[in-house]
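**Q** Let me give you the structure first, and then I'll get to my questions.
There are 2 protein chains.
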Amino acid sequence: MRFSPLVEQLMEAFRVLPGVGPKTAQRMAMHLLERDRDGGQRLSEVLQVALKEVGYCGRCRTLTEEPVCALCQSPRRDDSLLCIVESPADQLAIEEAGGYLGRYFVLHGHLSPLDGIGPEDIGLDQLEARVAEGGIHEVVLATNPTVEGEATAHYIAAQLGDYGVAMSRLAYGVPMGGELEYVDGGTLSRAFNGRLAFRSE
Amino acid sequence: MRFSPLVEQLMEAFRVLPGVGPKTAQRMAMHLLERDRDGGQRLSEVLQVALKEVGYCGRCRTLTEEPVCALCQSPRRDDSLLCIVESPADQLAIEEAGGYLGRYFVLHGHLSPLDGIGPEDIGLDQLEARVAEGGIHEVVLATNPTVEGEATAHYIAAQLGDYGVAMSRLAYGVPMGGELEYVDGGTLSRAFNGRLAFRSE
Ligand SMILES: [Zn+2]
Ligand SMILES: [Zn+2]
């Protein structure tokens, strides 16, 4: 005996979620069926609506149910700065860190020729068109500090090279509050090379 | 800025799942919206159908979309044995352990007067009616070895006391493969009291 076919299907369906194995999927299915049917109903409905309505912002490609997202519509952001990120989650992390007041462009991934992911799949044609409009003075290449993120940043820098905009990349270095002992060698070496004059006052 | 309202609602909806905090809910929402919309669609649909169709077996109260579950319908199970468990997950664990060939009755919880959960809420009227039908020789009280599970077992034993059926409880003891050092004192003491004659042959 296993559970009934529908209960088994529900457990299987939960396994699409990241980090959810058979035991966790069983616990989720049991929890909703046994103890929180209203919550399960709401999850089912919100998921359905979100999958139908949430698409990409026509201007920055972040996830939104509007044609153009709230941040792109905001009159308070600086149009001369454009920050390029791999995902909406990266964009949120930068927003939550605070301090950046420009606009964004979201790639939803990075270049990955082996997986057949080329420039158009990450919106680079749309990005180039936006820079070609003029008005952008600096592009911040905030792709991840991984091999693929670096390669994508280099590709974009080359692609936008003719438009006369400044390019920058997030600083690499020792994380705040981290102990040097536990920082990996590559990061430490980058932090050394990018060392800054120290002023005690 | 946070995410768009619908994306925020989706993240919030995932928090009904056990063990899912804000960060995990965000990762789940992003994963489905960014990388697996088909899987998300299927989850939404299966969840909807399961919540609508899955109820309690009319005979044993386990979760099933049929009026009577497959195990209750099976002609191969022993009608004279009835095992009482707190949840379908406990029932599955016993089935997977193998060896038990009787029928089940599922309480979906335990008595909990402080939470207003009384005998009828866990189906004890239905259980008594079933035992009153006759044909059951032994009831195995497989509620959890917790204070509430024990209390529920005692209540059921008293309730069914007049029907002349044998009552049993799962043996307490040291888990197989466990090291004594890590077994809690209550279990160890129970295992000592229930010690068996050892035959070396
Ligand atoms: Zn936007
Ligand atoms: Zn049944």
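Protein sequence lines, in the order shown, are assigned to chains A and B.
With my numbering, letter number 52 in the first sequence gets 70, and the count goes up by one each step, no holes.
With my numbering, letter number 36 in the second sequence gets 54, and the count goes up by one each step, no holes.
We treat Cβ as the ideally placed atom computed from N, Cα and C, and that holds for glycine.
Small disclaimer: the values here were computed from a predicted structure and weren't measured.
#1: For a cutoff of 8 Å on Cβ pairs, would you count B:R77 as touching chain A?
#2: Under DSSP, the beta strand (DSSP E) around B:L159 begins and ends at which residues?
#3: In chain order, which beta strand (DSSP E) runs of at least 3 residues are fully inside the region 36-110 of chain A?
#4: Check whether chain A comes within 8 Å of B:L65, counting only Cβ atoms and requiring the distance to be less than that.
#5: In chain order, what are the residue ranges of uninterrupted alpha helix (DSSP H) at least 4 long that sit wholly in the region 126-171 of chain B?
#6: Could you check if A:E104 is buried or exposed, using at least 16 other CB atoms within 10 Å of its CB as the buried criterion?
#7: Near ligand 2, which residues have their beta-carbon closer than 6 Å to a heavy atom?
#8: For the region 82-101 of chain A, which residues have a beta carbon sitting closer than 9 Å to at least one beta carbon of chain B?
#9: Please report the distance separating the alpha-carbon of A:L50 from that of B:V157.
#10: Between the region 91-103 of chain A and the region 121-129 of chain A, are three or more C-beta pairs nearer than 8 Å?
#11: Thinking just about the alpha-carbon of each residue, which of A:E138, A:E83, A:V183 is nearest to the one in A:G73?
#12: Going by DSSP in three states, B:A184 sits in which element: helix, strand or coil?
#13: Within this structure, are the beta carbons of A:A184 and A:H155 separated by less than 8 Å?
#14: Give me the subset of the region 21-34 of chain A whose CB atoms are less than 9 Å from a CB atom of chain B, sorted by chain position.
#15: Would you say A:P131 faces chain B, with C-beta separation under 8 Å as the test?
#16: Between which two residues does the alpha helix (DSSP H) containing A:G203 stretch?
#17: What number of angstroms, rounded off, separates the C-alpha of B:V201 from the C-alpha of B:V192?
#18: So for B:F123, helix, strand or coil by DSSP?
#19: B:L28 lies in the alpha helix (DSSP H); which residues open and close that run?
#20: For A:V34, is the classification buried or exposed, using 16 other Cβ atoms within 10 angstroms of its Cβ as the cut-off for buried?
#21: Taking the beta carbon of B:G167 as the centre, do at least 16 other beta carbons fall within 10 Å, making it buried, or is it exposed?
#22: What is the DSSP secondary structure of B:A176, counted as helix, strand or coil?
#23: B:F210: buried (16+ other C-beta within 10 angstroms of its C-beta) or exposed?
#24: Would you say B:Q66 and A:S62 are within 8 Å of each other, going by their C-beta atoms?
#25: Quick one: is A:D143 near chain B, going by C-beta distance under 8 Å?
#26: Would you decide whether B:L142 is buried or exposed? Buried here means 16 or more other CB atoms lie within 10 Å of its CB.
#27: Whole angstroms are fine: how far does the CA of B:G76 sit from the CA of B:P85?
#28: From A:I135 to B:L206, what does the alpha carbon distance come to, in whole angstroms?
#29: Interface residues of chain B around A:P193 at Cβ under 7 Å?
#30: Leaving out five residues before and five after B:A169 in sequence, what residues of the same chain have Cβ atoms less than 7 Å from its Cβ?
#31: Determine the chain D residues that contact A:L69 at a beta-carbon separation under 8 Å, and present them in chain order.
#32: I'd like to check one pair, B:L28 with A:V38: are the Cβ atoms closer than 8 Å?
**A** Judging by the given coordinates:
#1: With 8 Å as the cut-off, B:R77 does not count as an interface residue toward chain A.
#2: Per DSSP, B:L159 is one residue of the beta strand (DSSP E) stretching across 156-159.
#3: The region 36-110 of chain A contains these whole beta strand (DSSP E) runs: 96-103.
#4: The beta-carbon of B:L65 is placed less than 8 Å from the nearest beta-carbon of chain A.
#5: Counting only runs of 4 or more residues that sit fully inside the region 126-171 of chain B, the alpha helix (DSSP H) segments are 142-150, in chain order.
#6: Around the beta carbon of A:E104, a 10 Å sphere encloses 16 or more other beta carbons of the protein chains shown; the residue is thus reported as buried.
#7: A distance filter of 6 Å between CB atoms and the heavy atoms of ligand 2 selects the following residues in sequence order: B:C75, B:R77, B:C78, B:T80, B:V86, B:C87, B:L89, B:C90.
#8: Flagged, chain order: T82, E83, E84, C87, A88, L89, S92.
#9: When rounded, the distance between both Cα atoms is 29 Å.
#10: The region 91-103 of chain A vs the region 121-129 of chain A: in contact.
#11: Selected option, being the one with the closest Cα: A:E83.
#12: DSSP, reduced to helix, strand and coil, places B:A184 within a strand of the structure shown.
#13: Result yes, Cβ atoms of A:A184 and A:H155 sit closer than 8 Å.
#14: Within the region 21-34 of chain A, the residues whose Cβ lies closer than 9 Å to some Cβ of chain B are F21, S22, P23, L24, V25, Q27, L28, E30, A31, F32, R33, V34, listed in chain order.
#15: Look at A:P131: its C-beta is not under 8 Å from any C-beta on chain B.
#16: First-last of the alpha helix (DSSP H) with A:G203: 203-211.
#17: Taking the Cα positions, B:V201 is about 7 Å away from B:V192.
#18: The three-state reading of DSSP puts B:F123 in strand, counting E and B together.
#19: Judged by DSSP secondary structure, B:L28 falls within the alpha helix (DSSP H) whose first and last residues are 23-32.
#20: A:V34 is buried by the Cβ-count criterion.
#21: By the neighbour-count criterion, in which a residue is buried when 16 or more other Cβ atoms sit within 10 angstroms of its Cβ, B:G167 is buried.
#22: Correct three-state label for B:A176: helix.
#23: By the 10 Å Cβ count, B:F210 comes out exposed.
#24: Yes; because the gap between Cβ atoms is below 8 Å, this pair is in contact.
#25: Judged by the 8 Å Cβ criterion, A:D143 is not in contact with chain B.
#26: By the 10 Å Cβ count, B:L142 comes out buried.
#27: The alpha-carbon atoms of B:P85 and B:G76 are separated by roughly 6 Å.
#28: Annotation: A:I135 to B:L206 spans about 59 Å, alpha carbon to alpha carbon.
#29: None at all; the shortest Cβ gap to chain B is about 18 Å.
#30: The answer, listed in chain order, is L129.
#31: No chain D appears in this structure, whose protein chains are A and B.
#32: No, the Cβ-Cβ distance between A:V38 and B:L28 is not below 8 Å.
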